[in-house]
Amino acid sequence: MIDSIYNNGAFTLLSKFHGLLFLVADCYDPLDPNGNITVTFDIHEWKLDGYVARVTIQNYYQYRHVDKPGWKIGWAWTKNEVIWSMLGAFATQQGDCSNFKFKVPHSCLKTPVIADLIPEVSPSNKSEDCCRSGVLSAWTIDPSKSFSSFEMTVGNLPNSTSFLPVNLTLLAPGPGYTCSPVEETEPTKSSDIGGRREIQVFKTWKSTCTYSSFLGNKAPSCCVSLSTFYNPIVTTCPKCSCGCREVDQLTSSCIMEGSPLAISDGLDMVQCTEHMCPVRVHWHVSNNYMTHWRVKLTVSNYNYKRNYSDWNVVVQHPGFSQKAITYSFNSTLLPTVGLSDEAALFWGISYYNSELLETDETHLGSVTSDILFAKESDSFTLRNGWALPRRIYFNGEDCVMPLPDDFPMLPNIGSSIVKPTHHFLLLLLLQLLIFCSKTLVIWV
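Its first residue numbered 0, the sequence shown is counted upward by one per residue in numbering that gives the first Met the number 0.
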């Protein structure tokens, strides 16, 4: 009973603390100050009762991507609009179209919700830059796959008019995004005839959507553990980082390691751990050379029924100010504003480790890479946890870090890790052997 109260209390305090951190981070993200997802409506053709618009969802986030099952956008019409037809996407509900006797619209809903099509859809249903299953890459990782478009014909309006939609919403794929009001901007321009002619659409409307971890997650989704070559003690993820195990062992909040998998209702099931996080990032300082030092970075997936496609990890550490070589991941430095420490972005190599696989009864899904850092003599040290990361993010989410007091530290004279007495006894024994050998020589 006492343990139950402690666990629930610890999780409540931890959740409130991280909620406060999320609120502060939502005000301004120095690692991605201009990150957002922009939704653009370009009206490029007029119809007798409406218009044809090309809608583009562009991801400008440096390290936050839109994973499966993909984005969904919605809005509210202000007049009597209907969507006659669509290419490259579809409305999830048709609604009541009983007022239309001869030609039935694609959607008659006042508040339509639009989803992307799969790449294998027939060519007759495709439009340019469409059909990516709603998945958008982060801008830094692959700009060519960071956007998706579809076309829709809107009608049931008088005399080729158009009206701004309101209350735009974005699920990418879950909650957490807040979108600004749709506003008319300068018409989108593009080039024609090999760049020799500039053309533009009739009207352009835009809305900017920004993400809030505080709104998107009830609890953290990842944690960090630490270890070093100079200290045998592993600093594990803080207890109850992402939640606490249920006291009632009959509940199915998690699955014990090695247990057979139970049939679930589709919800994510994770392995039972002290931290209860779906994902753990481990930072191990493995070697210290004359001019370099080495780290092994490992990302582990504790989900039993979820893979992470196109995962990425951001590590904030001053060591990235020097040259760093990553052996099994792609990597690049992120521009930082107002931070003294550099930040590096890591992601998987296509067809090798770009997918972080789910765990099973016998194996924990994981990806790993060594990172070799060049030393800067003025700043490098193993003392006071300097070689350990400042912050780590997984798929854009801030991971729970151990407290600095729990970091693995260098051994000292009073440490139980290294026993100075042993060295003294060995030295005394060596001197005794030398003395005995000299005495033996003299007697001989």
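No residue lacks a Cβ here, since even glycine has one placed at the ideal position from N, Cα and C. Note that the structure is a prediction, hence the values are computed from the model and not measured.
On the three-state DSSP scale, how would you describe Gly318?
helix
Reduced DSSP secondary structure (H/G/I, E/B, other) of Pro231
strand
For Ser240, which option in Asn352, Leu402, Thr77, Tyr326 has the closest C-alpha, if you only look at C-alpha atoms?
Leu402
Taking only three categories from DSSP, how would you classify Phe40?
strand
DSSP three-state call for Arg382: helix, strand or coil?
helix
Using the rule of at least 16 other Cβ atoms within 10 Å of the residue's Cβ for burial, across every protein chain shown, is Val336 buried or exposed?
Under this definition Val336 is an exposed residue.
Please list, in chain order, all residues of the same chain as Arg131 whose beta carbon is under 8 Å from its beta carbon, the five residues on each side excluded.
Excluding positions up to five away in sequence, the list reads Gly69, Asp115, Pro118, Lys144, Ser147.
Thinking C-alpha only, which one of Phe101, Met268, His43 is nearest Gln199?
Of the residues Phe101, Met268, His43, the one whose Cα lies closest to the Cα of Gln199 is His43.
Segments assigned alpha helix (DSSP H), at least 4 residues, entirely inside the segment 180–227:
212–215
Would you mind stating whether Pro172 and Trp282 have Cβ atoms separated by less than 8 Å?
no
Would you tell me roughly how many angstroms separate the C-alpha atoms of Val38 and Glu197, rounded to the nearest one?
Looking at the two C-alpha atoms, the distance is approximately 23 Å.
Can you tell me which of the three DSSP states Asp444 falls into?
Past the boundaries of the shown model lies residue 444; the chain is included only from 0 to 443, so the question cannot be answered.
Closer than 8 Å by C-beta to Asp66: which residues in its own chain qualify, once you throw out the five before and the five after it? Chain order, please.
Val134, Pro172, Tyr307, Ser308, Asp309, Asn394
Between the alpha carbons of Leu355 and Cys276, how many angstroms are there, rounded?
15 Å
Going by CA-CA distance only, name the one from Asn58, Ile82, Asp397, Cys398 that's closest to Ile140.
Asn58
Would you check if the segment 204–220 and the segment 366–375 touch, i.e. whether three or more CB-CB distances between them fall below 8 Å?
no
Using 8 Å as the Cβ pair cut-off and three pairs as the minimum, do the segment 147–156 and the segment 73–80 touch?
yes
Could you tell me the boundaries of the beta strand (DSSP E) in which Val294 lies?
291–300
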